[in-house]
Every structure is written in structure tokens, then in C-alpha cells.
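So the structure is just underneath, and the comments pick up after that.
In full-length UniProt numbering, the protein residues as written are 1 to 854.
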């Protein structure tokens with residue numbers, strides 16, 4: 001019954017699994033109404049057990065196993081239930097591609113939503129969020145659980161309802177931006193999220209590792225400054241690599257040489273390029289980065305006269321996202337595209353600190369083991385490997401390494417031709433749009449039919465169809481990064497999805513185009529084809545709607561049966577050929593992403609093969625490989641066209657990848673450590689905002705600010721032996737009439753008591769005056785000034801902190817720890833900001849003179 005290895009550490013859950021399956025057998029006898037009532041029964045049990053979810057885990061998991069069977073006619077494997085148990089323990093379940101992670105998440109999501117708190121299931125893109133929530137709705141309809149969905153397309157007015165659902169599917173970026181927006185809103189009714197309780201992150205390594213190097217930023221527009229960017233772009237084209245500047249590809253940075261500095265100063269007719277008064281250095285370095293490090297069709301594409309970022313991890317375009325600190329504008333200048341206004345950071349947060357806000361956090365992916373130390377150190381999550389339902393028999397062949405890139409690509413193209421001739425389905429993973437198009441052009445010349453999937457809009461629209469057909473006989477598929485594609489490549493084909501696609505295409509394509517190209521005439525009659533082609537018209541006719549639904553269902557069943565038989569036969573033929581063949585064209589900076597590509601073959605015990613074709617000119621060899629590899633190849637003295645298969649070379653390559661992983665881990669760790677400083681400040685500011693937003697009586701907050709201000713200013717007054725004009729400033733600030741000479745004879749506590757009394761009298765008079773103008777005006781004014789000044793000061797503080805981070809690194813040259821120095825200075829900046837907020841709010845409320853039109 002249990003497909004577990006005796007040495008496997010997760011054998012300790014064996015008893016729990018037996019109990020879940022036993023309870024599942026009991027629930028099979030329940031009617032749909034009885035199954036639906038299970039939710040209320042379990043909620044009551046949970047309340048009686050102090051909300052300890054472990055007490056109802058067996059019943060909750062069995063309930064969802066039965067709901068999945070009724071909704072989808074699928075029975076969960078034991079390894080899938082194990083995955084659910086691991087997720088409920090706030091760990092990462094490492095499950096290979098094709099093992100059904102989407103269904104696994106439903107088990108702990110249901111269990112934890114019974115507490116009454118919201119559960120978030122986080123995906124990497126809108127397509128996956130929509131797909132998975134649609135499936136979840138079918139399952140949870142049997143147990144009376146509401147499923148929400150938040151994507152970029154979700155109406156802002158609808159978001160609150162979606163977040164208030166029992167379980168909400170959402171993308172990581174939308175979750176982060178909504179969190180920041182909630183903490184910028186000026187009315188509590190505009191807050192859409194509730195407290196963060198439990199999150200399950202799909203493709204957890206992609207979100208918490210790959211995307212953790214880039215913080216989420218909400219920006220405001222500043223004035224447009226075209227000229228500096230255009231001028232800097234011209235200067236960058238006059239400068240030469242290695243003479244005027246040096247490129248560090250590891251850190252994606254550029255350093256000007258002495259000759260480069262002199263050349264720039266001469267062109268700009270300035271004495272000192274690094275003078276803080278002219279800011280030219282920022283524009284020139286960004287222009288050089290745009291020229292050398294950010295490449296078209298790799299890092300970005302141009303569409304509709306705009307520069308659009310390509311996500312380096314998923315190969316998808318990121319509409320609406322812009323690089324910060326003037327880099328995007330520099331790329332627009334390089335591409336001769338209209339320069340948009342520069343952005344000013346209004347709010348930001350890293351994914352590390354965003355997800356650490358949850359009480360409980362879990363994740364799932366096919367590839368996390370290589371980064372388990374990072375998950376444990378930063379997120380306190382263990383990575384637990386879940387065995388596959390069927391043993392993986394994929395063959396991972398040794399890498400073929402060529403001396404130059406030309407021979408590598410020629411060899412890949414020839415391999416594709418051989419696979420096409422033998423009709424073996426092949427998937428080729430590339431690292432950029434440019435490389436995918438290069439191979440596509442080579443295959444066109446060789447007359448090899450193939451599909452191309454990359455970030456270009458004309459290819460994105462065909463994504464589902466391309467992935468669907470990638471496992472069929474003779475298909476050659478070229479794709480940029482496969483991470484987060486979310487669709488399994490099924491050998492022979494997927495009957496369910498192909499049926500859906502056929503009906504959709506027949507209803508929308510021109511009369512005979514789809515029919516002639518796809519042999520539909522072999523499956524459906526002329527009448528059935530015409531029926532589907534006219535379905536939109538028929539749907540609008542109420543009289544024929546019932547007859548129409550019945551007819552469509554019959555055609556669907558006929559197509560599904562035909563495709564099931566056809567694909568089953570085709571799968572058997574493909575398995576005889578060796579299954580899916582995956583080709584990698586370059587080793588990635590992380591072994592994880594190579595494993596994601598390999599994992600597309602050998603799904604659910606199928607046969608499959610993977611192999612990487614590499615060249616010594618690949619980025620990984622070039623940037624991180626060092627001289628050892630080059631020396632080794634020179635010693636071997638092998639012909640350029642002959643690939644090298646060497647254990648020593650493979651070891652050097654693995655060592656290079658480990659170096660890259662360690663390098664980027666250090667970057668993420670440093671980003672986390674620095675952001676952790678501002679994160680504690682962010683929490684304090686956001687908590688203060690929340691308190692003000694939810695308060696009905698903000699008078700106490702103003703008086704508290706004023707009393708703090710009095711104490712702070714009096715401390716300065718006493719420290720300077722009463723010799724400055726601080727008392728006059730306090731009197732002016734509080735808008736009270738008094739002779740400061742009377743106060744000078746009092747001690748600290750006497751002055752403080754007196755001023756606090758005068759403050760309350762003065763404030764009472766202010767309140768009476770404003771209430772006469774308009775009832776409730778004083779409360780509106782208090783809230784407005786409080787939120788306005790907090791937001792304004794916080795935005796200025798973020799700018800100061802960014803500048804501090806930029807120059808704090810230089811402290812290391814003075815034998816000082818930059819992080820400790822950063823913490824110290826950040827603390828002083830924060831205290832100064834708090835003092836400034838208090839004083840400004842008190843001044844504005846006490847000194848304001850309002851005239852209200854009647």
C-alpha cells in the first residue's frame with residue numbers, strides 16, 4: 001500500500017497515512033450534503049481543541065481527499081498526502097515535476113483555513129493563479145469553502161472580498177504591492193488585506209531565492225530630465241572597454257579607469273566628475289551598464305515604443321515593471337525611445353521580509369535541496385524530499401563541451417534533426433530570446449519543423465498550446481527558461497486539454513483553417529464540425545441552449561475518447577524511442593534551474609533523457625570557470641568540432657556553479673541583513689499608521705506627540721543651562737501666550753507640568769474654534785496631518801537610507817564593519833525622523849488658521 005523506502009525519514013508519518021486512508025474509506029459513504037457539513041463539524045472540533053490543527057488533521061485531509069475524488073475523479077497518492085503533512089509542519093516539500101503539487105496544497109490549505117484566518121496560496125504568475133484557483137473552486141465547492149483569486153486583472157474594488165475568502169490564490173508580486181499600498185492608504189476602508197496567517201508558496205525556490213535579490217518598490221514620478229540621459233548615452237559610445245572602463249560581469253557593475261575619468265571630465269568641461277554637486281557619475285555609469293550589461297532580447301525587449309523587462313528566471317515579460325535609479329531611462333536613451341520620468345521610491349520591501357510576516361510559512365517545488373541552508377537560516381524552513389509515486393528512470397547523460405560556441409550550436413541543431421527524423425519529442429532549453437531565435441533560424445534552414453516559446457508577445461499567446469504539444473511524436477520545442485510554466489509535458493499528449501483546445505479553436509478559427517491542419521475530419525463528422533464552428537451563435541439562442549449543451553457534451557466525450565486512445569498508442573511508441581529528450585544549451589548560474597529543465601523528462605516513472613551541450617565561451621565558464629578549465633582544454637589539444645567528455649571538466653563545472661550559488665547567496669544575505677534594519681523601522685511606522693487609521697479619537701495621539709516634543713525640547717534647554725531660546729520655540733509651537741521669564745525660575749518637572757497644562761488648554765480652545773466652523777473637522781484635520789507627515793517623512797527617510805547604503809561600504813577601508821555602522825546611522829536617522837514627524841504635526845495642528853466656506 002505505502003510506496004516508501006524503509007530508510008526514508010518520512011516513514012514516521014506511516015501511521016497518520018493509514019489513519020487518513022481509513023477515514024477516507026468511511027467518508028466515501030457520505031452523501032454530498034453530509035460531506036459539506038464536515039467543514040462545520042471540524043470547525044467546532046478545532047474550537048474545542050484551542051485551534052490546534054493537528055487534532056483534526058486526519059479528518060480534514062481525508063475530507064479533502066474525498067472532495068478531490070468527487071470533483072476531479074482523481075485519487076490522491078500516499079506521497080501526495082505526505083507532501084500535505086510536510087507543508088502543514090511549515091516546511092518545504094520537494095516534489096518532482098508531474099507529482100501533482102497543485103492538489104497537495106489543497107490539504108493543508110483546507111486544514112488551516114478552518115481556524116477562521118485566511119490562507120494564501122502564492123504562485124509565480126497570473127496564469128498559474130487562475131488555473132489553480134479554478135481547480136480549487138471545483139474541489140472546495142463540495143465542502144463549502146470560498147476560494148478567492150487576486151491577479152493584476154482583479155478589480156481594486158473586488159480585492160477586499162477576494163482576500164476575505166477562506167483561501168486566496170495570488171501572485172507573489174501582487175501580494176507584495178497590495179501590502180505596500182495598504183500601508184499607504186489614507187482611509188481604513190481602502191485596506192484590502194487582513195493579517196497574514198498561513199502561506200503556501202508554489203515554486204518556493206523561484207520566489208524566495210531567485211527573486212529575493214530584487215526588492216518590491218512602489219514609485220512616484222518625479223520631473224522628466226531627458227538631457228543628462230541623452231548626453232551620458234553619447235559619452236558612453238565614445239568610451240572603450242578596458243581603456244576607459246572595466247566591466248565586472250559577476251556583480252553587473254562598471255568601474256571607470258583614470259583615463260576614463262579624465263576623458264569624461266574633458267567632454268563635460270568639469271573639474272571633478274565625482275563632485276556631489278553635478279551628479280554626472282550616476283548618469284555615465286548607468287549609460288555604460290545599458291551599453292554593456294543590459295542586452296536587447298536577453299534582459300529586455302522593445303514593444304510599442306517601450307522598453308519591457310524580461311524576467312531572467314522565467315523568461316517572461318514583466319509589463320509595467322521598471323528598473324530603478326535611472327537605469328531604465330538610460331536604456332530608453334540607448335534605444336532612442338521616449339524617456340519616461342524617473343521614479344522616486346515611496347515604499348519598498350524585500351520578499352524575505354514580506355514572507356516572514358506570516359505566522360506560518362510553507363513551500364513546495366521540484367528543486368530546493370541545493371539551497372536548503374538558505375531556507376533554514378533565513379526562513380527557518382526545512383527541505384524535505386518527498387519520494388516519487390513511481391521510481392524516476394530518466395537518464396542524465398554527461399555534458400558535451402565544445403571549444404567554441406559555433407560548433408556547440410551546430411551540434412545541437414544536428415541533434416534536433418536526428419530526433420525529428422526518428423520522431424522522438426525533444427525540448428531544448430535556452431537562456432535568452434536571442435539564443436532561442438538563433439537555434440530557430442538554424443532549424444528553419446535545415447527544414448526541421450519546431451515550436452518556439454519565448455517572451456516575445458507573438459509566442460507568449462501560444463504558450464499553453466506549445467507546451468501541450470511538446471510531448472507528441474516528432475515535436476521539437478525550443479523554450480527559454482522552463483521555471484514556472486506550470487504545465488506538464490505529457491508523452492503522446494493530454495486528452496483533456498487537447499479536447500478543450502480543439503473546441504475552443506473550432507469556435508474561433510476561420511472556417512476551414514483549423515480543420516484542414518489538424519485532421520479533425522478523421523474524428524468528427526461534417527455536421528459536428530459545423531456545430532462547433534457556429535457554437536457562439538447557438539449559445540445566444542435560449543430555445544436551443546439545452547439541446548446545445550447536450551450536443552456539445554456528446555461531442556466533447558467523443559473527442560476525449562478518441563484522443564485518449566490515440567495518445568495512449570502514441571505514448572507507447574514514444575517510450576520505445578526513449579521518452580522525452582531534454583537538451584540544455586547552457587549551464588545556469590544555479591544547479592537548481594538546470595534540474596528544473598531536466599525534470600521535464602521522466603515524469604511519473606516515464607522514460608526520458610537529458611543532456612547539456614556547452615562551450616567554453618558560455619557565461620558560466622567565462623566568468624566563473626577560472627583559468628583551470630582553459631588550461632585543461634589546451635593540454636588535451638582536441639579538434640574544435642569534437643566535444644569533450646571529461647570527469648575532471650564536469651567537476652570544474654560543478655565547482656564553478658557552486659561558486660556562483662555562494663556568490664549570489666552572499667548578495668541575498670547582505671540584502672536581507674541590510675533590509676532587516678529598515679524592516680524593523682517599517683513595521684514601527686506601519687503599526688503607527690494602522691493605529692491612526694483605526695482610531696476614532698485621534699486627539700490623544702496629537703497630545704501624546706506634543707508631550708513628547710515638550711520633553712525632548714526641554715531636555716535640550718536644560719542641557720544648555722537654560723541659555724538658548726528653546727522655551728520661546730516651545731511657546732510658539734504650542735501657540736500659547738506666556739512670559740518665558742516666569743518659566744526660567746522653574747526646574748525641569750515644573751516647566752514640563754506647566755507646559756502640558758497649557759497645551760491642553762490651548763488644544764481645547766482650538767477644538768472649540770474648529771467645531772464651530774464645522775462639526776467633526778478637528779478629527780479629520782488630525783488624521784490628515786498625522787498620515788500626511790508620516791508618509792512624507794518616511795519617503796524622505798527611504799531616500800536617505802538608500803544613500804547611506806551606497807556610501808557605507810567605504811567604511812570597511814577604515815577597518816569598520818559596514819553593517820554595524822549602517823545599523824548605528826540608521827537608528828539615528830530613524831530617531832530624527834520620529835522627532836521631525838512629531839514636531840511638524842504639532843506645529844501644523846496648533847498653528848493652522850482655517851476659514852470654511854459656508
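Cβ coordinates follow ideal geometry from the N, Cα and C atoms, glycine included. All values derive from a computational prediction rather than experimental measurement.
Per DSSP, residue 73 is not a residue of any beta strand (DSSP E), being assigned neither H nor E. Partner residues in the beta bridge of residue 582, as assigned by DSSP, are 427 and 610. Counting C-beta pairs with one atom in each stretch, the stretch 416-431 and the stretch 128-136 have fewer than three that are closer than 8 Å, which means they do not touch. Within the stretch 239-295, the runs of beta strand (DSSP E) at least 3 residues long that lie entirely inside it are, in chain order, 245-248 and 253-256.
Contact between residue 620 and residue 587 is confirmed by a C-beta separation of about 5 Å, below the 8 Å threshold. Its chain contains 425, 427, 471, 489, 491, 600, 601 and 608 as the residues whose beta carbon lies nearer than 7 Å to that of residue 580, once the 5 sequence neighbours on both sides are disregarded; these appear in chain order. Within 10 angstroms of the beta-carbon of residue 41 lie fewer than 16 other beta-carbons, which makes it exposed. For residue 472, the three-state secondary structure derived from DSSP is coil. In chain order, 829 place their CB closer than 8 Å to the CB of residue 800, counting only its own chain and leaving out the 5 sequence neighbours on each side.
With fewer than 16 other Cβ atoms inside 10 Å of its own Cβ, residue 406 counts as exposed.
Listed in chain order, the alpha helix (DSSP H) elements of length 4 or more contained wholly in the stretch 685-742 are 699-719 and 726-734. Under the three-pair Cβ rule at 8 Å, the stretch 60-72 counts as touching the stretch 104-111.
DSSP places residue 145 in the coil class of the three-state scheme, outside both helix and strand. As a beta-bridge residue in DSSP terms, residue 218 pairs with 347.
Excluding residues up to 5 positions away in sequence, 734, 735, 736 and 846 lie with their Cβ nearer than 8 Å to the Cβ of residue 762 in the same chain. The shortest CA-to-CA distance from residue 351 to any of 208, 372 and 598 is the one to 208. With a threshold of 16 other beta carbon atoms within 10 Å, residue 499 meets it and is buried. Among the bridge pairs identified by DSSP, residue 402 is matched with 615. In the DSSP assignment, residue 16 falls outside any beta strand (DSSP E) and within the unbroken alpha helix (DSSP H) covering 14-27. According to the DSSP assignment, residue 452 belongs to the beta strand (DSSP E) that extends over 451-453. In summary, residue 83 is buried, with 16 or more beta-carbon neighbours lying within 10 Å of its beta-carbon over all protein chains present. For residue 167, there is no enclosing alpha helix (DSSP H); the residue is part of the beta strand (DSSP E) that begins and ends at 167-171. Per DSSP, residue 364 is one residue of the beta strand (DSSP E) stretching across 360-365. Setting aside the 5 residues that flank it on each side, residue 786 is surrounded in the same chain by 692, 698, 701 and 841, each with a C-beta closer than 7 Å to its C-beta; the list follows chain order. Beta-bridge partners of residue 318 (DSSP): 309. Contact between residue 577 and residue 422 holds, since their C-beta atoms are separated by about 6 Å, short of 8 Å.
Under DSSP, residue 123 forms a beta bridge with 171. When 241, 360, 33 and 295 are compared, the shortest CA-CA separation from residue 91 is found for 360. Less than 8 Å divides the Cβ of residue 100 from the Cβ of residue 80.
Distance from the CA of residue 844 to the CA of residue 270, rounded to the nearest whole angstrom, comes to 43 Å.
Approximately 34 Å separates the beta-carbon atoms of residue 730 and residue 345; this is outside 8 Å, ruling out the contact. About 5 Å separates the CB atoms of residue 284 and residue 232; that is less than 8 Å, so the two are in contact. Bridge partners of residue 92 according to DSSP: 363 and 383.
Separation of the CB atoms of residue 478 and residue 364 is rounded to 28 Å, and the pair is thereby denied contact status at 8 Å. DSSP, reduced to helix, strand and coil, places residue 448 outside both helices and strands of the structure shown, so it counts as coil.
Across the structure, residue 792 and residue 182 are spaced so that their CA atoms are roughly 16 Å apart.
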